[in-house]
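Novice: Residue numbers (our numbering): 1 to 286. Each residue gets a CB set at the ideal place from its N, CA and C atoms; glycine is no exception.
(1) Would a C-beta distance cut-off of 8 Å place residue 115 and residue 80 closer than the cut-off?
(2) How many Å lie between residue 25 and residue 270 at the Cα?
(3) Check whether the segment 196-208 touches the segment 43-58, counting contact only when three or more Cβ pairs, one atom from each stretch, lie closer than 8 Å.
(4) Contact check, residue 130 vs residue 103 under 8 Å by CB: the rounded distance?
(5) Answer yes or no: does any C-beta atom of chain B fall closer than 8 Å to that of residue 68?
(6) Inspect the beta-carbon positions of residue 159 and residue 209 and report whether they are closer than 8 Å.
(7) Would you say residue 173 and residue 149 are within 8 Å of each other, going by their C-beta atoms?
(8) Within a Cβ cutoff of 6 Å, which residues of the same chain sit near residue 63, ignoring the five residues on either side of it in sequence?
(9) What separation, rounded to the nearest whole angstrom, lies between the Cα atoms of residue 286 and residue 112?
(10) Taking a contact to mean a Cβ-Cβ separation below 8 Å, would you say residue 233 touches residue 257 in this structure?
(11) Return the chain-ordered list of same chain residues with a C-beta closer than 8 Å to the C-beta of residue 230, the five sequence neighbours on each side being excluded.
(12) Throw me the rounded Cβ distance for the residue 36 and residue 42 pair, which I believe falls under 8 Å.
(13) Assign residue 170 to buried or exposed, taking buried as 16 or more other Cβ atoms, counted over all protein chains shown, within 10 Å of its Cβ.
(14) Between the Cα of residue 98 and the Cα atoms of 244, 252, 260, which residue gives the shortest distance?
(15) Here's the rule I'm using: 16 or more other beta-carbon atoms within 10 Å means buried, otherwise exposed. How should residue 33 be labelled?
(16) Could you tell me the boundaries of the beta strand (DSSP E) in which residue 40 lies?
(17) Need the endpoints of the beta strand (DSSP E) that residue 66 sits in, please.
(18) Is it the case that the Cβ atoms of residue 223 and residue 154 are separated by a distance below 8 Å?
(19) Going by DSSP in three states, residue 126 sits in which element: helix, strand or coil?
(20) Could you check where the beta strand (DSSP E) with residue 254 kicks off and where it finishes?
(21) Leaving out five residues before and five after residue 184 in sequence, what residues of the same chain have Cβ atoms less than 8 Å from its Cβ?
(22) Using only CA atoms, which one of 280, 261, 265 lies nearest to residue 273?
(23) Would you kindly check if the distance between the Cβ of residue 226 and the Cβ of residue 120 is under 8 Å?
(24) Would you kindly work out how many angstroms separate the C-alpha atoms of residue 83 and residue 180, rounded to a whole number?
(25) Helix, strand or coil for residue 52? Go by DSSP, reduced to three states.
(26) Is it right to say residue 238 is buried, meaning 16 or more other beta carbons lie within 10 angstroms of its own, or is it exposed?
(27) Alpha carbon to alpha carbon, how far is residue 106 from residue 44? Give it in angstroms, no decimals.
(28) With DSSP as the reference, identify every bridge partner of residue 31, one or two as the case may be.
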């Protein structure tokens, strides 16, 4: 009898452990805190991975954007792309603005950066292209007035809000204003071509549907494929911006929401929302 109870207890423990393991969120660090391995750089007017004037670099364990070697920003907008293609996920960064804007940076770009999602690949950007066609989660620092962050901007894209196509380039969120050099956590929930939500310090501040190609506000020698108006975006690149104000990122992490959804598999996760059962593995659970 004791033996049977022991086996039963062990099975219950294994089931509980397995469920906890399935529920545990496995965030992946896209920035390793040491170097820019796994990232591509594209700055307007320069070839892919020509990191003009050491714009993107690592300092004190942070990914930073600096302009101390610039005499004139001259609209040299830049983006650092993670090497990967994503469709269903949560992306989060912890950022802050510091220091003074680069010489001759535009007024609107003061304490301004962004997370670009569902973007075109870095290698497809034209040499003189300013922004990748993408959905921009605009990051703004406060100016002692109301200035929200985690806003929406749409270079080469449009979205649907409340069932209506929105072609306005930028839309403010309902976030708080974050003044000074404080750290802010910006998070984005991306569910293919159906839903995108923005979060500022854990608060959901904006949501919309059906991200798609078709907007303006992208200039330079662009790939014709990014101009197919109405084409829904269900995957793409992730990048961070250089728009003339120094910014620091101490964390860049992603939670994949696409994967094995078979509860019998060893790598099943209860929080996945999109099945990719070709990735399932079976056998003894660790």
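Specialist: Put simply:
(1) no
(2) 9 Å
(3) no
(4) Their Cβ separation, rounded to whole angstroms, is 18 Å, which puts residue 130 and residue 103 out of contact at 8 Å.
(5) In summary, chain B is missing from the structure at hand, where a single protein chain is found.
(6) yes
(7) yes
(8) 31, 249
(9) Note that residue 286 scores 47 on pLDDT, short of 50, meaning its location in the model is unreliable and no value can be drawn from it.
(10) no
(11) 212, 213, 214
(12) At roughly 13 Å, the Cβ-Cβ gap does not stay under 8 Å, so residue 36 and residue 42 are not in contact.
(13) exposed
(14) 244
(15) exposed
(16) 39-43
(17) Counting along the chain, residue 66 falls outside any beta strand (DSSP E), and DSSP gives it neither H nor E.
(18) no
(19) coil
(20) 247-256
(21) 94, 95, 96, 139, 149, 178, 200, 201
(22) 261
(23) yes
(24) 32 Å
(25) helix
(26) buried
(27) 15 Å
(28) According to DSSP, residue 31 bridges with nothing at all.
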